[in-house]
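Novice: Protein sequences appear in the order of chains A and B.
All the letters of the first sequence, read from the start, carry residue numbers 53 to 596 under my numbering.
All the letters of the second sequence, read from the start, carry residue numbers 53 to 596 under my numbering.
All C-beta atoms, glycine included, are put in the ideal place defined by N, C-alpha and C.
Number of protein chains: 2
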Amino acid sequence: QEGRDKCKTKKLMISTFFLLLLLLLQEFGIHSNETFVVATTDRIVLDFDRFKELRDDTTLYLLQHEHQVLPAATEEKISFMPHYDTLIKSGTYEYYASENKESLAYPLAELIDNALSATAKNAGTRIIEIRMLFDESLGKPAVIVLDNGRGMTTKQLNKWAVYRHSKFTKEKSTFARKEEDYVRPDPVPRSLNSDISYFGVGGKQAVFHFGNVVRMISKPVGLPDVHELVLSEEDFEKKEKNKEDIYSTTILNRKPGDCSHVSEDERFLRTIIEEEPGKESFTAVVITGLKQNHVSFLKDEFVVWTRQLAHIYHYYIHGVNGNDMRQGSKKTDHQSKIDIQVRLQIHLNTFELIASKEPDFFQTLYINSAADTFEFKASTAPDGGTVEGVLRYHPFLYDRETYPKDPDTIKDSLDADDFENEPGLVNQEERRIFECYWNGRLIPGTKVTEFDWCSCKGAKGGDIPPECYSRFSGVLFTDDNFQVTTNKMTFMDLELKLKSKDTIFTLGLNGQKEFVQWLKNCHQNFDKQIKFVGFKGITTRTDV
Amino acid sequence: QEGRDKCKTKKLMISTFFLLLLLLLQEFGIHSNETFVVATTDRIVLDFDRFKELRDDTTLYLLQHEHQVLPAATEEKISFMPHYDTLIKSGTYEYYASENKESLAYPLAELIDNALSATAKNAGTRIIEIRMLFDESLGKPAVIVLDNGRGMTTKQLNKWAVYRHSKFTKEKSTFARKEEDYVRPDPVPRSLNSDISYFGVGGKQAVFHFGNVVRMISKPVGLPDVHELVLSEEDFEKKEKNKEDIYSTTILNRKPGDCSHVSEDERFLRTIIEEEPGKESFTAVVITGLKQNHVSFLKDEFVVWTRQLAHIYHYYIHGVNGNDMRQGSKKTDHQSKIDIQVRLQIHLNTFELIASKEPDFFQTLYINSAADTFEFKASTAPDGGTVEGVLRYHPFLYDRETYPKDPDTIKDSLDADDFENEPGLVNQEERRIFECYWNGRLIPGTKVTEFDWCSCKGAKGGDIPPECYSRFSGVLFTDDNFQVTTNKMTFMDLELKLKSKDTIFTLGLNGQKEFVQWLKNCHQNFDKQIKFVGFKGITTRTDV
Ligand SMILES: Nc1ncnc2c1ncn2[C@@H]1O[C@H](COP(=O)(O)OP(=O)(O)OP(=O)(O)O)[C@@H](O)[C@H]1O
Ligand SMILES: Nc1ncnc2c1ncn2[C@@H]1O[C@H](COP(=O)(O)OP(=O)(O)OP(=O)(O)O)[C@@H](O)[C@H]1O
Ligand SMILES: [Mg+2]
Ligand SMILES: [Mg+2]
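1) Rank Pro447(B), Leu546(B), Ile82(B), Gly560(B) by C-alpha distance to the C-alpha of Lys580(B) and give the top, closest one.
2) Between the segment 340-348 of chain B and the segment 272-282 of chain B, are three or more C-beta pairs nearer than 8 Å?
3) Just to confirm my understanding: we take Phe288(B), look at its own chain, exclude 5 residues before and 5 after, and list those with CB closer than 7 Å. What are they?
4) Under the criterion of a Cβ to heavy atom distance below 7 Å, does Gly255(B) qualify as lining ligand 4?
5) How many angstroms separate the CA atom of Pro329(A) from the CA atom of Pro308(A)?
6) Counting only beta-carbon separations shorter than 8 Å, does Thr305(A) have a partner in chain B?
7) Indicate whether at least one CB of chain A lies closer than 8 Å to the CB of Leu477(B).
8) Along the segment 252-271 of chain B, what residues have a CB closer than 8 Å to any CB found in chain A?
9) Mind checking Gln576(B): buried by the 16 CB within 10 Å criterion, or exposed?
10) Would DSSP call Asn85(A) helix, strand or coil?
11) Answer yes if the segment 428-447 of chain B comes into contact with the segment 519-538 of chain B, meaning at least three C-beta pairs across the two stretches below 8 Å, and no otherwise.
12) Can you tell which of Phe426(B), Asp199(B), Val259(B), Phe220(B) has its C-alpha closest to the C-alpha of Gly560(B)?
13) Examine chain B for any beta-carbon lying closer than 8 Å to the beta-carbon of Leu313(A), and answer yes or no.
14) Taking three-plus beta-carbon pairs below 8 Å as touching, is the segment 167-180 of chain A in contact with the segment 236-251 of chain B?
15) Considering only the beta carbon of each residue, do Val439(B) and Leu321(B) sit closer than 8 Å?
16) Let me make sure I understand the geometry here. Which of Ala194(A), Pro496(A), Gly497(A) has the alpha-carbon closest to that of Arg36(A)?
17) Can you pull the chain C residues whose beta carbon is under 9 Å from the beta carbon of Met184(A), in chain order?
18) Pull up the distance between the alpha-carbon of Gly176(B) and that of Asp391(B), whole angstroms please.
19) For chain B, check one thing: does any of its Cβ atoms lie closer than 8 Å to the Cβ of Asp287(A)?
20) How about Glu547(B): is its C-beta nearer than 8 Å to some C-beta of chain A?
21) Residues in the segment 233-252 of chain A with C-beta within 9 Å of chain B's C-beta atoms, listed in sequence order?
22) Chain B partners of Phe543(A), CB-CB under 9 Å?
23) Using the C-alpha atoms, what's the distance from Ala430(B) back to Phe557(B)?
24) Classify His83(B) as buried or exposed, calling it buried when 16 or more other Cβ atoms lie within 10 Å of its own Cβ.
25) Have a look at Glu118(B) and Glu86(B) and give me their C-alpha separation to the nearest angstrom.
26) Any chance the CB of Tyr367(A) is under 7 Å from a heavy atom of ligand 2?
27) Work out the CA separation of Glu566(A) and Ala433(A) for me, nearest whole Å.
28) With DSSP run on the structure shown, which of helix, strand or coil describes Arg183(A)?
29) From the DSSP output, in three-state form, read off Gly274(A) for me.
30) DSSP on Asp199(B), reduced to helix/strand/coil?
31) Measuring from the CB of Glu162(A), is there a heavy atom of ligand 3 at a distance below 7 Å?
32) Kindly confirm or deny that the segment 348-366 of chain B and the segment 277-296 of chain B touch, where touching means at least three C-beta pairs closer than 8 Å.
33) Under 8 Å, Cβ to Cβ, is there at least one residue of chain A near Gln535(B)?
34) Would you report the Cα separation of Ser388(A) and His370(A), rounded to the nearest angstrom?
35) Does the count of Cβ pairs from the segment 97-116 of chain B and the segment 94-105 of chain A closer than 8 Å reach three?
36) What residues of chain A sit near Asn152(B), judged by a beta carbon separation below 7 Å?
Below, the structure is given as structure tokens:
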């Protein structure tokens with residue numbers, strides 16, 4: 053205002069507030085009869101108390117008054133490191149009830165995905181063990197996922213902890229081992245490529261969904277040491293309080309079998325560590341600080357979530373043709389090589405399940421009640437994605453439909469039969485018949501409706517009764533040319549792409565000529581209506 | 053092995069590899085006839101090339117040979133700062149097609165959520181402008197969301213950039229302005245509390261879903277300066293390459309209207325900056341580096357996504373009773389106060405829409421075709437969540453059902469009428485009739501099925517025809533006592549909780565006695581079947 057410009061900024065770092073004021077008077081040649089204020093860029097005027105809290109690099113204004121307009125633009129340095137909740141809360145709001153089923157199988161699946169990736173090149177059996185230790189005599193409650201895969205070096209373990217560091221993140225260093233460059237796997241049937249890592253977030257989301265402490269224990273193949281890394285919410289809070297570096301910690305390197313560092317409340321770790329010397333390589337993910345509601349669910353709904361897991365990994369466990377238990381079905385040798393074991397230990401009672409031997413009631417039911425299958429392929433332009441598809445016909449036999457009902461909902465719908473098939477229902481939803489698998493594992497939140505070519509809407513009618521169009525189930529298989537959400541619960545736009553007019557279907561890959569013909573054959577050969585057409589004699593049934 | 057322990061670790065920071073080796077020989081008293089190696093903890097043996105790449109704080113082993121077992125455990129410091137993809141990719145895999153509709157309205161909604169929060173305490177009209185500038189004469193393509201809300205101080209702008217820093221994150225500092233302590237809003241009807249911030253991720257996910265550069269321009273209420281913050285993928289990459297601090301940058305502080313820093317390819321900013329001097333406070337979110345497929349969608353599907361936005365914010369725009377256009381309906385004064393404007397500018401053609409005046413075809417259709425409503429409340433134990441609910445009866449009139457069909461699917465289903473009401477359909481899905489609003493805004497991915505008390509399954513039959521049970525639509529309203537996923541696309545477990553046996557319903561809040569009685573009345577009073585019951589004379593209809 054007086055021709056002299058008193059608004060200056062300067063980074064200041066001195067020891068007392070008064071010294072600061074003195075210096076300012078000098079530096080800017082302010083007369084003692086002029087008023088001035090020192091303020092932050094948010095125009096909070098500095099007083100003695102606030103001065104003590106100043107960070108060294110805070111930008112300050114020297115102003116005639118609090119509301120003076122800046123005559124010239126200023127720049128101010130800020131730091132915006134992601135809050136540690138990035139890790140700690142990453143899983144909290146991710147695994148929601150899908151199809152109205154509780155979701156704990158889905159965060160667990162992230163850890164099984166990682167174990168499947170890690171064991172992809174195993175020569176022998178790929179063993180994945182889930183141990184739920186809820187027996188107080190062993191220490192605090194823990195969820196452990198163990199695999200006999202390739203393990204992690206300290207460098208890989210470090211990367212595991214870096215949120216969003218994925219296999220696609222490029223790095224150039226002479227310390228990078230050659231094996232580390234990511235190579236996209238060749239296409240395989242049903243996309244069972246065991247390459248189920250994508251975003252660099254899954255493991256962290258999963259462990260912090262269940263609890264607030266994770267201990268990663270890993271021995272990399274070909275190297276002698278075991279590495280341990282612990283991340284915990286409490287530790288983050290402590291570091292924040294002490295103004296320490298939030299994202300720093302230490303990895304413990306030790307020889308296999310050495311459990312000298314194990315504390316009493318984690319004594320269950322000893323059993324695991326004692327098993328180490330016999331193993332060439334392994335990874336154990338140990339989750340503690342478990343949320344109480346999750347522990348209750350894992351205990352009480354053991355059958356539900358193990359069944360869901362078996363559903364998610366059906367084709368990894370049983371091979372490309374699934375769990376076909378009927379005589380004469382082709383078995384692939386793939387089948388015997390993946391072993392997913394679940395063990396729940398409560399008060400010295402142990403429940404064990406070998407997922408491979410447990411039918412999952414979903415795919416298994418569909419596969420084994422199918423009279424015939426119809427295979428097809430879809431190519432979506434312009435991205436060049438390919439989808440394999442299977443339709444399965446579930447015939448009408450004598451007095452009932454054989455289309456499997458979800459065992460969880462059978463009870464609910466028993467008394468609904470009176471109304472559910474009544475005409476007059478408006479706003480009826482389309483039939484979502486296709487379950488969808490991505491890189492071989494189920495994406496539980498996406499079900500695709502029937503396509504035009506297999507819908508009764510497009511049918512030219514005539515000799516196939518419309519009921520036949522509701523007698524098939526379906527499965528779709530894609531690789532990661534199609535995108536899924538980071539929680540692997542939902543496809544981004546699979547259905548939209550498949551329903552696009554640019555998508556080309558190749559139908560009848562397993563020898564069928566065309567869909568309508570297949571359906572007609574199914575109806576004629578497999579549907580059995582009881583019709584009395586006159587007495588022909590007495591037949592003794594030998595097939596029951 | 054020889055009684056002397058040659059495995060030591062030491063942090064080393066010296067200038068040449070040979071000096072290192074000499075020092076090691078000395079330090080550990082190694083005789084010149086003994087062999088030894090220096091290796092990283094990943095057992096990569098150090099040679100001259102690798103030595104040059106060592107970081108100052110790398111932990112090294114001095115070993116007899118590469119595979120020697122560690123006699124004692126070692127600790128190694130690591131840093132695991134989240135990769136900058138945490139920000140840059142945060143939105144990429146989040147906004148998927150929901151109900152098979154493209155999803156760009158949903159990331160936009162995150163920015164509107166923020167604008168609604170920011171304008172909650174506005175005295176005058178709350179104005180939210182979405183400007184899509186796809187006209188090359190203005191510079192590169194840009195999406196801009198502008199609001200006349202309270203704006204952000206540099207400190208708040210800094211926090212905006214901190215991933216996962218939410219309103220719940222506690223902070224103690226004498227620099228914190230008092231207004232900053234979070235106060236939970238009081239319960240309001242339909243939970244229209246304008247408090248739609250929760251996770252500290254929405255804004256970042258949204259902008260990086262659309263593009264790879266964001267410029268935040270904000271002037272906080274009561275303070276004189278405008279603040280600008282730019283985050284860009286390119287800048288992150290540059291910093292990584294130059295080994296600079298990834299999560300540091302500068303905020304520009306300047307006076308309103310000062311556009312001296314604007315570059316030619318962002319000249320559209322000038323218009324916005326020139327508007328500044330007239331405004332007490334504002335925030336502009338300017339997204340550039342737009343993904344081409346998103347630009348195409350925004351242009352080509354203008355009607356689709358604006359309609360979806362109007363659907364999401366129906367109750368904010370129209371007030372607690374929604375857009376009831378019929379005579380005699382109560383209007384609330386809330387209605388006139390929120391103004392969401394959308395402007396699309398392509399090659400000098402401008403399309404403008406004021407969302408408040410545009411019917412959205414979803415809630416508007418349901419509300420205006422309802423003959424009567426039935427209100428209820430649900431309390432879920434033990435968390436104490438409360439849900440408000442409305443059922444709306446859409447009567448059968450003479451020759452047709454008046455239940456609104458989604459305009460997007462009407463075309464598809466025209467030729468489906470032949471089969472869709474046929475009996476014999478198996479595996480029929482339940483009717484998902486309830487749309488669900490959270491803190492007043494739609495959560496598009498969750499639709500709740502009917503409850504036992506309003507389902508024809510539980511009905512005792514008798515005097516209400518079953519079709520009546522398929523003639524109502526519904527809406528549920530909750531606040532954030534119920535959790536949603538971080539992308540605000542899906543409720544975590546709303547339906548599970550509502551269907552729990554511990555949930556208590558209070559039915560008939562708007563004066564109805566009980567549901568079955570209401571439904572019966574609706575049927576008797578509103579459904580009109582044409583029945584010929586004998587000639588009664590000729591009536592001239594004046595109502596058409
Ligand atoms: N059991 C394991 N064995 C070996 N390496 C593992 C194991 N689990 C995780 N890793 C390594 O840690 C990395 C990070 O795992 P995380 O699950 O967090 O993300 P991701 O698998 O890369 O991606 P996504 O988000 O799709 O899960 C993996 O890429 C893999 O290299
Ligand atoms: N338009 C705006 N005006 C004023 N402040 C804003 C605006 N947009 C964002 N902010 C501030 O920035 C913060 C971060 O926004 P962001 O959307 O990233 O996360 P959030 O809203 O806190 O949580 P959510 O993940 O639920 O969106 C907000 O909490 C708010 O304080
Ligand atoms: Mg993973
Ligand atoms: Mg937000």
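Specialist: On the basis of the data shown:
1) That would be Pro447(B), whose Cα lies nearest to the Cα of Lys580(B).
2) Counting Cβ pairs under 8 Å, fewer than three are found: no touch.
3) Taken in chain order, the residues that qualify are Tyr136, Ile140, Ile298.
4) yes
5) 5 Å
6) Sequence inspection shows Asn at residue 305(A); the Thr mentioned does not correspond to that position. For Asn305(A), the answer is yes, since a Cβ of chain B falls inside 8 Å of its Cβ.
7) At Leu477(B) the pLDDT is 35, less than 50, meaning the model places this residue with poor confidence; the figure from the coordinates comes in the next sentence. For Leu477(B), a Cβ of chain A is located within less than 8 Å of the residue's own Cβ.
8) Gly252
9) exposed
10) coil
11) With the cut-off at 8 Å, the segment 519-538 of chain B and the segment 428-447 of chain B touch.
12) Closest in C-alpha terms to Gly560(B), from the list Phe426(B), Asp199(B), Val259(B), Phe220(B), comes Phe426(B).
13) First, the amino acid is wrong: residue 313(A) is His here, not Leu. Interface residue, yes.
14) no
15) no
16) Outside the displayed range of chain A (53 to 596) lies residue 36(A), so it cannot be described from this structure.
17) No chain C is present in this structure, whose protein chains are A and B.
18) 11 Å
19) no
20) Look at Glu547(B): its C-beta is under 8 Å from a C-beta on chain A.
21) Tyr250, Phe251, Gly252
22) Tyr148, Ala149
23) 4 Å
24) By the neighbour-count rule (16 or more Cβ atoms within 10 Å), His83(B) is not buried but exposed.
25) 14 Å
26) no
27) 23 Å
28) Strand.
29) coil
30) strand
31) yes
32) no
33) yes
34) Note that Ser388(A) scores 49 on pLDDT, short of 50, meaning its location in the model is unreliable and no value can be drawn from it.
35) no
36) Those within 7 Å of Asn152(B) in chain A are Glu547, Leu548.
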